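Each remark here refers to the structure printed beneath this line.
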Amino acid sequence: MEWKAQPIIRRKSRQIKVGNVLVGGDAPISVQSMTSTDTMDVEATVAQIKALESAGADIVRVTVPTLAAVEAFEQIVKSVEVPIVSDIHFDYRIAIECAKKGAAALRINPGNIGSHEKIEAVCQAAKDHGLPIRVGVNAGSLDKDLVEKYGAPCPDAMVDAALRAAETLDQHNFSDYAFSVKASELNLCVEAYEKLAGKTDAPLHLGITEAGGLTGGTVLSSIGISWLLKQGIGDTLRVSLAADPVEEIKVGWAILKSMHLRSRGVDIVACPTCGRRGIDVVNTVATLEKRLSDVKGTLKIAVMGCVVNGPGEALHSDIAVCGGQKGRSLIYEDGVLMGKISNEEAIDIIEKRVRERLKNN
Ligand code: SF4
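Residue numbers (our numbering): 3 to 363.
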């Protein structure tokens with residue numbers, strides 16, 4: 003009997019709505035990123051949001067650092083389709099203004115928003131405009147009293163910070179909130195999410211904060227996020243990278259796809275190549291990734307250097323190319339050998355077949 007991965011049983015969370023995107027419950031785990039442009043530069047920010055959207059972003063967060071930036075925020079929101087979350091620190095009045103100007107959700111950090119009254123005021127604005135709030139706890143900016151109580155940032159302090167903010171929201175019969183409890187230390191972050199998951203049914207936004215550059219940050223985020231997802235924890239995610247935010251979306255999707263939690267676009271399986279290869283695997287994969295980046299339907303492609311493992315991978319792929327001899331490769335569809343093609347034609351032929359097969363998707 004064919005082996006199949008056990009499906010992940012997701013934690014039961016209540017559902018919120020960020021613009022037209024459902025988060026929590028049985029909604030697909032959404033992929034988020036955050037713009038890295040100056041919010042005052044509306045043109046650049048809109049261009050980046052559109053790039054994120056076409057890479058597969060379900061939700062995009064934009065920082066609104068000052069009251070003066072609210073006007074730019076409003077223009078940005080009006081120029082894009084994807085729901086925009088306004089990211090607020092320090093000044094609760096900005097959150098209130100963003101709620102009026104088209105935000106799909108508000109993200110506040112209770113550690114720097116301040117008093118109970120200020121959180122209460124943000125809650126009222128969210129209520130008035132039907133918006134959810136993400137309570138975004140960060141290990142680096144916990145309330146002073148929590149750091150004093152626990153001696154240093156730790157999972158319990160982060161959970162306390164989240165639940166304390168939630169208490170204020172609950173007191174106002176406001177249940178449209180999600181949590182994140184992020185830290186750059188992997189174990190601290192994962193344990194905080196694990197503990198919080200057992201104490202609330204609010205949706206959880208996953209992320210390892212300040213994870214680092216493209217390689218290190220991808221590794222750290224993939225370990226932390228998949229560790230939690232495997233336990234059924236997590237309703238939406240953001241991979242934080244010191245890199246082009248489009249990479250965050252690509253990595254976020256790659257995590258979900260590899261865990262069979264969501265699918266989108268082509269999946270390319272490729273061998274690492276070695277001296278046996280009969281086709282330039284690296285260039286074939288890179289070119290196909292680029293050319294097929296607009297494809298939304300799902301298909302699995304295998305690009306294999308030679309017949310050692312090629313036919314085996316072809317059996318589990320929709321389309322496969324396997325390097326052969328004398329500049330000619332074997333091409334398979336649905337595990338069936340279709341014939342030989344010259345290596346020069348391989349990329350064009352695969353692209354054509356992918357588009358033909360997905361034409362009606
Ligand atoms: Fe090397 Fe062939 Fe294996 Fe690729 S499939 S790594 S070319 S032996």
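Positions of the beta carbon are idealized from the N, C-alpha and C atoms, including for glycine.
Note that the coordinates shown come from a computational prediction; the quantities given were computed from them, not determined experimentally.
| Item | Value |
| --- | --- |
| Quick check: the Cα distance between I349 and T286, rounded to an integer number of angstroms? | 6 Å |
| Residues bridged to G341 by DSSP? | I333 |
| Let me know if D178 comes out buried or exposed under the rule of 16 or more other beta-carbons within 10 Å of its beta-carbon. | buried |
| According to DSSP, is T238 part of a helix, a strand, or is it coil? | strand |
| Comparing C-alpha positions only, which one of A272, A213, I270, A256 sits nearest to A245? | A213 |
| Would you say the beta carbon of M340 is closer than 8 Å to some non-hydrogen atom of the ligand SF4? | no |
| For A57, does the three-state DSSP call read helix, strand or coil? | helix |
| Quick one: is the Cβ of R279 within less than 8 Å of any heavy atom of the ligand SF4? | yes |
| Reducing DSSP to helix, strand and coil, say where S297 ends up. | Correcting the residue identity first, residue 297 is Val in this sequence and not Ser. It is coil, neither helix nor strand. |
| Could you tell me the distance, in whole angstroms, from the CA atom of G326 to the CA atom of I343? | 9 Å |
| If the criterion is Cβ atoms closer than 9 Å, does the pair I1 and I90 meet it? | Here the chain comprises residues numbered 3 to 363, so residue 1 is not present and cannot be evaluated. |
| Any contact between the segment 53-68 and the segment 12-24? By contact I mean 3 or more CB pairs, one from each, below 8 Å. | yes |
| On the DSSP bridge assignment, give the partners of V62 in chain order. | S35, I86 |
| Apply the 10 Å Cβ neighbour rule to T1 and answer buried if 16 or more other Cβ atoms are within range, or exposed otherwise. | This structure leaves residue 1 out entirely; the chain is present only between 3 and 363. |
| Cutting at 6 Å between CB atoms, please list the residues of its own chain near G138, excluding the five before and the five after it. | R109, N111, S182 |
| The ligand SF4 heavy atoms versus the CB of V241: any closer than 8 Å? | no |
| Thinking C-beta only, is T65 closer than 9 Å to S32? | no |
| Can you check which of these residues, R293, V253, A185, is closest to V241 by C-alpha distance? | V253 |
| Whole-angstrom Cβ separation of I320 and K302, contact assumed at under 8 Å? | Here the sequence assigns Asp to residue 320, which means Ile is not the residue at that position. About 5 Å separates the two Cβ atoms, so the contact holds. |
| I need the boundaries of the beta strand (DSSP E) containing A272, first residue and last residue. | 268-272 |
| Have a look at C100, A49, Q233 and flag the residue whose alpha-carbon is nearest the alpha-carbon of V192. | Q233 |
| Provide the residue span of the alpha helix (DSSP H) that contains G280, from first to last. | Looking at the DSSP string, G280 is not in any alpha helix (DSSP H), and its letter there is neither H nor E. |
| Flag this pair as yes or no: are the beta carbons of L206 and D237 separated by less than 9 Å? | yes |
| Would you call the segment 259-271 and the segment 66-74 in contact, with 3 or more CB pairs under 8 Å? | no |
| Which residues share a DSSP beta bridge with F181? | V137, L206 |
| Given this structure, state the Cα-to-Cα distance separating E250 from Y195, to the nearest angstrom. | 20 Å |
| Among all the DSSP beta bridges, which residues are the ones paired with G326? | DSSP, once it has assigned bridges, lists no residue as partnering G326. |
| Buried or exposed: where does A1 fall if 16 or more other Cβ atoms within 10 Å of its Cβ makes it buried? | This structure leaves residue 1 out entirely; the chain is present only between 3 and 363. |
| Among I210, V48, D147, D130, which residue has its Cα nearest to the Cα of E83? | V48 |
| Under the rule that 16 or more other beta-carbon atoms within 10 Å means buried, what is K1, buried or exposed? | Because the chain in this structure spans residues 3 to 363, residue 1 falls outside the shown range and cannot be described. |
| For the beta strand (DSSP E) containing I257, name the first residue and the last one. | Run containing I257: none in the beta strand (DSSP E); it sits in the alpha helix (DSSP H), 247-260. |
| Thinking C-alpha only, which one of T300, G341, C273, Q17 is nearest G312? | C273 |
| Cβ of V284 within 8 Å of any heavy atom in the ligand SF4? | no |
| If you follow the beta strand (DSSP E) that K19 is in, where does it begin and where does it stop? | 18-20 |
| Do V310 and the ligand SF4 come close, with the Cβ less than 8 Å from some heavy atom? | yes |
| Looking at C100 and the ligand SF4, is the gap between the Cβ and the nearest heavy atom below 8 Å? | no |
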